[in-house]
Amino acid sequence: MKLAKLVMALSLASLGTAALASTHQVTLGFENVSGAYSGAMIKDVNPSYGGLKWSDSFGVVRASDIPNSGYDFGAIGDWVGFSSAGNPVSFGSNAGQRFTFYGLYLASAWYSSENVIVTGYRNGVAAYTSTVNVTNDGDRLPLLYQFNWKNVDKVSFSAVTAGFGHQLVFDNVQLSGFSPAPAVPEPETYALMGIGMVAVALKMRRGKKTAAARLA
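Numbering (our numbering), first residue to last: 3 to 218.
Below, the structure is given as structure tokens:
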């Protein structure tokens, strides 16, 4: 009975660890991009920032450097992400790990009203898409846009009217599951884990008996 309880406890502990790893949520701002300077492209200064892969035109800028704009009004912290020259931008996992994209703060740099197409991909195929309206209006910003897209490996953003002058501003990206954490094992893996745990428990039990015999 004690052996069965021990195996059950070990199994539950392993399941709990896997569940915590797969549901850990983070908010990724742009305050700590190492080597960053205002206007830098993330790929040039810290290409794997936050454990993600950033597209060529995804940059960072100090919000106060461009006052009275979407860069300034859309910021949560001192720095924001932006789409250089108004080009489409994206971020995704480095090794194809899937994650949940909860949302982010989004603004237009220069326009009071602009439509943006947001797309979530899975293995190169669009799994979700949504068109949202963004603004540079200081009375309305910053604005949080929520998506709650599960099992995606890349998210892209593109202004409907793309190009210079149509830069987008990003802050506090909310994600979970993308960090290099242990994957949740498949059922057959659990079976192997169970066998291993039984073996460990039996060895511990035999060790105790041997020690008791020596002391007797």
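No residue lacks a Cβ here, since even glycine has one placed at the ideal position from N, Cα and C. It should be emphasised that the depicted structure is a prediction, and the values quoted were computed from it without experimental measurement.
Q. Straight-line CA distance for Ala87 to Gly37?
A. 21 Å
Q. Would you say Phe101 and Ser95 are within 8 Å of each other, going by their C-beta atoms?
A. yes
Q | Neighbourhood of Thr137 by C-beta distance below 8 Å, restricted to the same chain and skipping five residues each side | A | Gly72, Ala109, Ser110, Tyr113, Ser114, Ser115, Glu116, Leu143 and Leu145
Q: Let me know if His26 comes out buried or exposed under the rule of 16 or more other beta-carbons within 10 Å of its beta-carbon.
A: exposed
Q | Own chain residues within Cβ distance below 8 Å of Ser50, not counting five before or after | A | Asn96
Q.
Helix, strand or coil for Ile78? Go by DSSP, reduced to three states.
A. coil
Q.
Just to confirm the assignment, what range does the beta strand (DSSP E) spanning Ile119 have?
A. Glu116 to Arg124
Q) Ser160 and Val127: beta carbons closer than 8 Å? A) no
Q: In angstroms with no decimal places, state the Cα-to-Cα distance between Asp141 and Asn135.
A: 15 Å
Q. Can you tell me whether DSSP reads Asp58 as helix, strand or coil?
A. coil
Q.
What does DSSP give as the partner residue(s) for Tyr107 in the beta ladder?
A. Leu146 and Asp173
Q | Environment of Ser222 [buried if 16+ CB atoms lie within 10 Å] | A | This structure does not reach residue 222, given that the chain is present from 3 up to 218, and the question cannot be answered.
Q. Going by beta carbon distance, what residues of the same chain come within less than 8 Å of Asp80, once the five residues before and after it are set aside?
A. Glu33, Arg64, Ala65 and Ser66
Q.
Is the separation between the beta-carbon of Ser158 and that of Val91 shorter than 8 Å?
A. yes
Q: In the DSSP assignment, find the alpha helix (DSSP H) that holds Val127 and state where it starts and stops.
A: Note, Val127: premise wrong, no alpha helix (DSSP H); beta strand (DSSP E) at Val127 to Val136.
Q.
With distance defined between alpha-carbon atoms, name the residue in Val154, Asn174, Met43 and Tyr39 nearest to Asn89.
A. Met43
Q: Starting from the C-beta of Thr133, find all residues in its chain whose C-beta is less than 6 Å away, skip the five residues before and the five after it, and write them out in chain order.
A: Asn117 and Ile119
Q: State the Cα-Cα distance for the pair Leu204 and Gly122, rounded to the nearest angstrom.
A: In this prediction, Leu204 has a pLDDT of 41, which is less than 50 and means its spatial position is unreliable; nothing more can be read from the coordinates.
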